[in-house]
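**Q** Input: one structure, supplied below.
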Amino acid sequence: MVKDLFERIQNNKGPLGKWASQAEGYYVFPKLEGELGPRMQFHGKQILNWSINDYLGLANHPEVRKADTEAAIQYGATYPMGARMMSGHTNVHEQLENELVAFVMKESAYLLNFGYQGIMSTIDALVTKNDIIVYDVDAHACIIDGVRLHMGKRFTYRHNDLESMEKNLQRATKMAEETGGGILFITEGVFGMRGQQGKLKEIVAMKEKYNFRLLVDDAHGFGTLGKTGAGAGEEQGCQDGIDIYFSTFAKSMASIGAFIAADKDIIDYLKYNLRSQMFAKSLPMIQTVGALKRLELLRNHPELKDKLWENVNALQNGLKERGFNIGDTNTCVTPVYLEGSIPEAMVMVNDLRENYGIFLSIVVYPVIPKGIILLRMIPTASHTLEDINETLAAFEAIREKLVSGTYKKIADATTVDVS
């Protein structure tokens with residue numbers, strides 16, 4: 004008997020979807036209104052926002068708004084139409100690629116219409132069934148989905164664990180010798196949940212012993228790390244050892260789109276083999292022109308990054324001084340780890356939003372282990388020290404309620420069992 008395809012979907016909404024009736028519209032799919040920035044509107048109230056990736060505060064920068072507006076007036080929202088290869092290629096796209104190449108110190112670059120699909124397609128294009136992929140077990144979903152497209156062997160190593168990396172490189176080397184293929188090693192410049200930098204310098208050093216190529220997703224490092232803001236590779240002094248550098252415009256650049264940078268022969272190959280770009284519309288001119296302005300500000304105004312890090316240090320040091328566990332983040336990403344269930348987390352976040360006016364992201368199982376609540380904050384250059392002090396006071400108050408069992412009592416009395 005053939006089952007109805009929808010039967011499973013109707014009976015099992017998934018680990019996050021099962022909470023939809025209680026969470027949607029508030030904890031997930033919330034509607035933040037007003038101009039992007041530290042102070043926005045949520046459910047009719049002003050909140051202090053720690054949940055947008057506008058690291059350098061460019062989203063509402065007057066020069067950025069002007070450039071975006073003028074591009075919209077000149078080109079509309081659709082130009083150019085078609086994929087780059089067919090009809091969507093312009094001098095402005097090439098100009099942005101050339102400026103990005105100079106900034107991240109690579110030979111060539113290619114713009115991507117979206118980061119998620121772009122890196123998936125990059126992974127797919129780089130390997131054949133004979134090649135082996137080695138990647139971090141905590142890699143972002145876009146990397147995991149890219150690896151899923153691979154029809155050959157793949158190995159995961161324990162997060163940022165050098166011994167596990169080497170063990171899996173040994174396994175990959177042995178297998179590649181049998182298949183006649185090569186090895187693609189994938190990691191992140193910054194892991195977006197925990198805030199740790201990938202161990203790029205140590206991975207690059209392993210090239211002396213193992214023959215592999217390195218792909219780095221530096222979405223959270225680009226614009227925030229390194230002397231010039233060129234990312235985690237610059238920060239760690241190993242940019243030359245990164246074979247394929249990827250970043251999105253959705254973080255420091257406060258926009259949409261992405262790019263890859265590598266040696267010219269590799270980019271030339273990818274231009275003709277990235278399915279997500281060959282068969283999809285080119286990055287619209289509004290985003291392309293806007294990205295040029297954002298990159299200009301990133302390059303020429305180091306005070307934006309300086310202000311960002313002033314806020315990062317004030318927030319992270321304040322949390323540590325008050326006894327909060329922020330893990331071993333060494334980037335702008337600021338996680339706060341607490342113990343508790345998903346219902347407790349919901350009650351706590353409701354308290355933060357309704358009674359303290361603090362809005363931030365809540366991360367629970369299956370993204371992190373059961374019994375752990377991760378409150379993730381993204382400091383930006385637009386935040387103030389007053390914002391930080393207000394937030395630290397709120398955190399002290401909610402911790403007391405969590406430890407005393409106040410949130411658990413409320414959760415037990417109000418939460419519907421969806422297990």
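Numbering (the working numbering), first residue to last: 4 to 422.
Beta carbons: idealized from backbone N, C-alpha and C, even for Gly.
Can you tell which of 268, 219 and 7 has the C-alpha that lies nearest to the C-alpha of residue 249?
**A** For residue 249, the nearest C-alpha among the options comes from 219.
**Q** Do you know offhand how far residue 421's Cα is from residue 347's?
**A** Confidence is the limiting factor: at residue 421 the pLDDT is only 46, short of 50, which leaves the residue's position unreliable, though a coordinate-based value still follows. Their backbone Cα atoms lie some 14 angstroms apart in a straight line.
**Q** Any contact of the region 249–265 with the region 97–112, i.e. 3+ C-beta pairs under 8 angstroms?
**A** Remark: three or more beta-carbon pairs, one from each stretch, lie closer than 8 angstroms, so the region 249–265 and the region 97–112 are flagged as touching.
**Q** Can you give me the Cβ contacts of residue 154 inside the same chain, cut-off strictly under 6 angstroms, excluding the 5 residues immediately before and after it?
**A** 132
**Q** Reducing DSSP to helix, strand and coil, say where residue 142 ends up.
**A** coil
**Q** Going by beta-carbon coordinates alone, are residue 325 and residue 399 separated by less than 8 angstroms?
**A** yes
**Q** Measure the beta-carbon distance from residue 270 to residue 112 and round it to whole angstroms, keeping in mind my assumption that it falls under 8 angstroms.
**A** 6 angstroms
**Q** Could you check what DSSP says for residue 341 in three-state terms: helix, strand or coil?
**A** It is a strand residue.
**Q** Are the region 156–167 and the region 122–129 in contact at 8 angstroms, needing three or more beta carbon pairs?
**A** no
**Q** Quick one: grab the DSSP three-state call for residue 248.
**A** strand
**Q** Tell me, please, which residues DSSP counts as bridged to residue 200.
**A** 193
**Q** Give me the Cβ distance between residue 235 and residue 221, rounded to the nearest whole Å; I'm assuming they're in contact under 8 angstroms.
**A** Contact flag correct, Cβ pair sits at about 5 angstroms.
**Q** In the region 295–360, which residue ranges form an unbroken alpha helix (DSSP H) of at least 4 residues, counting only runs that do not cross its ends?
**A** 305–324 and 345–358
**Q** Residues in its own chain within less than 6 angstroms of residue 507 by CB, not counting five upstream and five downstream?
**A** Nothing about residue 507 can be reported from this structure: the residues present for the chain run from 4 to 422 only.
**Q** Should residue 419 be labelled buried (16 or more other beta-carbon atoms within 10 Å of its own) or exposed?
**A** A caution first: residue 419 carries a pLDDT of 47, below 50, which makes its placement in the model unreliable, though a value can still be read off. Under this definition residue 419 is an exposed residue.
**Q** Looking at chain C, is there any beta carbon in it that lies within less than 8 angstroms of the beta carbon of residue 363?
**A** The structure shown contains no chain C, having only a single protein chain.
**Q** Below 7 angstroms CB to CB, which residues in the same chain sit around residue 401 once its five sequence neighbours on both sides are set aside?
**A** 351, 354 and 355
**Q** For residue 328, which residues in the same chain have their Cβ closer than 6 angstroms to its Cβ, ignoring the five residues on either side in sequence?
**A** Excluding sequence neighbours, residue 328 sits near 340.
**Q** Tell me which residues share the same chain as residue 148 and place their Cβ nearer than 6 angstroms to its Cβ, disregarding the 5 neighbours each side in the sequence.
**A** 123
**Q** Quick one: what does DSSP say residue 243 is sitting in, helix, strand or coil?
**A** helix
**Q** Would you call the region 380–397 and the region 56–64 in contact, with 3 or more CB pairs under 8 angstroms?
**A** Result yes; three or more Cβ-Cβ pairs closer than 8 angstroms.
**Q** Would you please state the rounded distance, in angstroms, between the beta carbons of residue 95 and residue 291? I believe it to be under 8 angstroms.
**A** 5 angstroms
**Q** Give me, in chain order, the residues of the same chain whose beta-carbon lies closer than 6 angstroms to that of residue 1; leave out the 5 immediate sequence neighbours on both sides.
**A** The structure shown does not extend to residue 1, since the chain spans only 4 to 422, so no value can be given for it.
**Q** Is the Cβ-Cβ distance between residue 107 and residue 297 less than 8 angstroms?
**A** Not closer than 8 angstroms, so no.
**Q** At what residue ranges does the region 19–103 contain a whole run of the alpha helix (DSSP H), taking only runs of 4 or more?
**A** 23–26 and 65–78
**Q** Using a Cβ-Cβ cut-off of 7 angstroms (strictly less than) and excluding sequence neighbours within five positions of residue 255, which residues of its own chain qualify?
**A** 58, 59, 225, 226, 227 and 301
**Q** Tell me the DSSP secondary structure of residue 417 in three-state form.
**A** helix
**Q** Tell me, please, which residues DSSP counts as bridged to residue 366.
**A** 377
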